[in-house]
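Trainee:
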Amino acid sequence: MDTCAVLQTAGSWCDLESSLCAAKGIQGRPKDDALPVTRLRGDDGRIVSWSYHKRTANDRSPLLSLPPELRRQIYGWVLLMTPVRNGSPDPAYPAPEIRRCELRCLAEDEDVNDDDETVRGRRPPRLLCPDRPLCGMPTSLLRSCRQVYVEARLMPFEENEFVFVTWFASGLVTGHATVTGLLRPWQRRAMRYARIEMLGHELQDEVALRTWTALSEAWAGLRGLRVRIAGPAGGALDDVLSTETSEKQDADGGAERSESDWEPVRRVAENWAEKGALASMGDLERLEVELAVPAWSTRTKLEFCVALERRLKLGGSSAVVVCTTSGVAGHASR
213 MDTCAVLQTA GSWCDLESSL CAAKGIQGRP KDDALPVTRL RGDDGRIVSW
263 SYHKRTANDR SPLLSLPPEL RRQIYGWVLL MTPVRNGSPD PAYPAPEIRR
313 CELRCLAEDE DVNDDDETVR GRRPPRLLCP DRPLCGMPTS LLRSCRQVYV
363 EARLMPFEEN EFVFVTWFAS GLVTGHATVT GLLRPWQRRA MRYARIEMLG
413 HELQDEVALR TWTALSEAWA GLRGLRVRIA GPAGGALDDV LSTETSEKQD
463 ADGGAERSES DWEPVRRVAE NWAEKGALAS MGDLERLEVE LAVPAWSTRT
513 KLEFCVALER RLKLGGSSAV VVCTTSGVAG HASR
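Okay, here's the thing in C-alpha cells:
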C-alpha cells in the first residue's frame with residue numbers, strides 16, 4: 213500500500229469526524245490549538261458554561277491519528293526505503309562490499325546417500341534469516357516530533373543485521389570499537405542481530421578474549437549472532453589438533469581418532485565461551501558458527517560447536533549453537 217494513500221485516508225477520516233461534530237451543534241474552534249466541548253445551556257436557552265482543552269499531536273496529525281500498528285508499518289516502509297550506502301574513506305582503499313550471506317547447516321553425514329530413510333527423516337536446525345535489512349531511519353522523520361522519535365528510534369537496531377567484516381583490522385576489533393565506542397547504552401541494548409568476522413588466533417589470544425567479554429556484555433539484548441572464524445592454512449588453529457595423527461586421517465573424517473584426540477578442540481571452544489563471557493548475552497537464542505579452517509574436518513568443526521554449546525549451557529545461556537558453512541552442498545537436492 214502506498215504510504216501517501218494511507219495518510220490521505222487518515223486525513224479524510226479526520227475531516228469526516230469534524231463534519232460530524234459540526235452536525236451535532238459543536239461550535240467551531242476559536243483557537244488553532246484548542247478544541248471545544250459541547251456547550252451547557254440553561255432553562256432559558258442561554259449558554260451558562262463551556263470549556264476548551266488543548267489540542268494534542270494526535271488531533272493535528274493524520275499520521276499520529278492512525279493505530280500504533282499501522283504507524284509501525286509505515287516506519288518499517290521508510291526504513292526499507294533508506295538503505296545504508298557503504299562509503300569508502302579513500303578511492304584507493306575501497307571498502308568491502310557487504311553481501312547477502314546465506315549459510316547451510318554442516319552435517320557429519322553429508323556424503324551419505326539421500327535414499328537413507330534415517331537421513332531424510334532428520335530435520336535440519338533452523339537458521340537465522342539471511343535477508344535482514346541494512347538500512348537507516350531518516351533523521352528528518354525522527355526530528356518531526358517527539359512521539360515519532362520515541363516510536364521509531366529503536367527500529368533500525370531491532371530490524372537490521374549489523375555486519376562487522378575484516379578490513380585493515382579484524383571484524384572483532386571493528387565491532388568492539390563501534391558498539392562500545394560509538395553507540396549509546398540504549399542503542400546497544402536495542403541491537404538484536406549481528407554478523408561478525410574474526411581470525412582464528414583470536415580464539416586463544418588473551419587481549420581478543422577480553423575484547424569479546426566487553427562486546428558480550430554490551431550485546432545483552434542480542435538474539436541472533438553469526439560468527440565466521442577464518443583460520444588460514446598454517447594458522448594458529450592448525451596446531452590445535454593432535455600431531456600424533458596424520459593429516460590424512462583427519463581429512464577422512466577422523467575415523468581413527470580416539471575421544472581424547474578431540475580434547476584440544478573442545479578446550480579452545482570452552483575457553484572462548486568462558487573467557488569471552490559469551491553467556492553474558494542473556495537473550496541470545498541462536499549462535500551460528502562458520503569455521504573457515506581448511507585443515508579441520510567436518511567432525512572437528514562439529515565437535516567444536518558441541519563443546520561451545522555445552523559450555524554456554526553451563527553458564528546459564530539457552531542459545532542453540534549451529535555449525536554452518538557457506539560452501540556448496542554436496543547434493544543438489546538439498
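First residue of the sequence shown: 213, per the numbering used here; consecutive thereafter.
Just so it is clear, CB atoms sit at the ideal spot from N, CA and C, and this is done for glycine as well.
Nothing here was measured: the structure is a model prediction, and the numbers come from that model.
How is the alpha helix (DSSP H) around Glu314 delimited, first residue to last?
Mentor: Where Glu314 is concerned, there is no enclosing alpha helix (DSSP H), given that its DSSP letter is neither H nor E.
Trainee: Closer than 6 Å by C-beta to Gly527: which residues in its own chain qualify, once you throw out the five before and the five after it? Chain order, please.
Mentor: Closer than 6 Å at the Cβ level, and outside the excluded window around Gly527, lie Ala491.
Trainee: Only counting the same chain, and skipping five residues up and downstream in sequence, which positions put a Cβ closer than 7 Å to that of Ala531?
Mentor: The residues are Leu496, Glu497, Arg498, Leu499 and Leu524.
Trainee: Does Ala481 pass the burial test, meaning 16 or more other C-beta atoms within 10 Å, or should it be called exposed?
Mentor: Ala481 comes out buried.
Trainee: Could you tell me which uninterrupted alpha helix (DSSP H) segments, each at least 4 residues in length, are contained entirely in the region 348-392, listed from first to last along the chain?
Mentor: Listed in chain order, the complete alpha helix (DSSP H) runs (minimum 4 residues) inside the region 348-392 are 351-354, 358-364 and 367-371.
Trainee: Assign Gly288 to one of three DSSP states: helix, strand, or coil.
Mentor: Helix, per DSSP.
Trainee: Can you tell me which of the three DSSP states Val505 falls into?
Mentor: Coil at Val505, not helix or strand.
Trainee: Nearest CA to the CA of Leu340: which residue from Ala442, Trp379 and Leu434?
Mentor: Out of Ala442, Trp379 and Leu434, Leu434 has the C-alpha closest to the C-alpha of Leu340.
Trainee: From the DSSP secondary-structure annotation, give me the bridge partner or partners of Glu409.
Mentor: According to DSSP, Glu409 bridges with Arg440.
Trainee: Measure the beta-carbon distance from Val626 to Pro337 and round it to whole angstroms, keeping in mind my assumption that it falls under 8 Å.
Mentor: Residue numbering for the chain in the displayed model covers 213 to 546; residue 626 lies beyond these limits and cannot be assessed.
Trainee: Which residues does DSSP list as the beta-bridge partners of Pro548?
Mentor: Outside the displayed range of the chain (213 to 546) lies residue 548, so it cannot be described from this structure.
Trainee: Any idea if His388 is buried or exposed, counting beta-carbon neighbours within 10 angstroms, 16 or more meaning buried?
Mentor: Label assigned to His388: buried.
Trainee: Distance check for Val534 and Gly348, CA to CA, integer angstroms please.
Mentor: Distance between the alpha carbons of Gly348 and Val534: 29 Å.
Trainee: In this structure, does DSSP put Gly527 in helix, strand or coil?
Mentor: DSSP places Gly527 in coil when its eight states are reduced to three.
Trainee: To the nearest angstrom, report how far apart Cys317 and Trp379 are at their CA atoms.
Mentor: Cα to Cα, Cys317 sits roughly 26 Å from Trp379.
Trainee: Quick check: what's the CA-CA separation for Glu515 versus Pro274?
Mentor: Glu515 and Pro274: Cα-Cα distance of roughly 57 Å.
Trainee: For the alpha helix (DSSP H) containing Ser428, list its first residue and its last residue.
Mentor: Counting along the chain, the alpha helix (DSSP H) containing Ser428 begins and ends at Glu418 to Ala430.
Trainee: Relative to the C-alpha of Ala485, which candidate in Ser509, Glu418 and Thr510 has its C-alpha closest?
Mentor: Minimum Cα distance to Ala485 is reached at Glu418.
Trainee: Between which residues of its own chain and Ala420 is the CB-CB distance below 7 Å, once the five residues before and five after are set aside?
Mentor: These residues qualify, in order along the chain: Leu384 and Glu414.
Trainee: Which partner residues of Arg498 appear in the DSSP bridge assignment?
Mentor: Per DSSP, Gly436 and Val532.
Trainee: Within 10 angstroms of the Cβ of Gly393, are there 16 or more other Cβ atoms? Answer buried if so, exposed if not.
Mentor: It is exposed - the Cβ of Gly393 has fewer than 16 other Cβ atoms within 10 Å.
Trainee: Nearest by alpha-carbon distance to Trp508: which of Gly488, Ile441, Leu520 and Asn483 is it?
Mentor: Residue Ile441 is the option with its Cα nearest to Trp508.
Trainee: For Met293, count neighbouring Cβ atoms within 10 angstroms of its own Cβ and tell me buried if that reaches 16, exposed if not.
Mentor: Per the 10 Å Cβ criterion, exposed.
Trainee: State the Cα-Cα distance for the pair Arg522 and Lys487, rounded to the nearest angstrom.
Mentor: Those two C-alpha atoms are separated by around 15 Å.
Trainee: Given this structure, state the Cα-to-Cα distance separating Lys513 from Leu503, to the nearest angstrom.
Mentor: Their backbone Cα atoms lie some 7 Å apart in a straight line.
Trainee: Please find out if some non-hydrogen atom of the ligand COA comes closer than 7 Å to the beta-carbon of Arg511.
Mentor: Because no ligand of any kind appears in the structure shown, any question about the ligand COA cannot be addressed here.
Trainee: CB-CB under 8 Å to Thr425, same chain, minus the five flanking residues each way: which ones, in chain order?
Mentor: Answer for Thr425: Lys487, Gly488, Ala489 and Ser492, listed in chain order.
Trainee: Using only the alpha-carbon positions, how far apart do Gly466 and Val505 sit?
Mentor: Reliability of the predicted coordinates at Gly466 is poor, the pLDDT of 47 falling under 50, and the value obtained from them is presented with this limitation in mind. Cα to Cα, Gly466 sits roughly 15 Å from Val505.
Trainee: Between the Cα of Arg404 and the Cα atoms of Trp474, Cys313, Leu346 and Leu278, which residue gives the shortest distance?
Mentor: Looking at the Cα atoms, Leu346 is the closest of the given residues.
Trainee: Here's the rule I'm using: 16 or more other beta-carbon atoms within 10 Å means buried, otherwise exposed. How should Arg407 be labelled?
Mentor: Classification for Arg407: buried.
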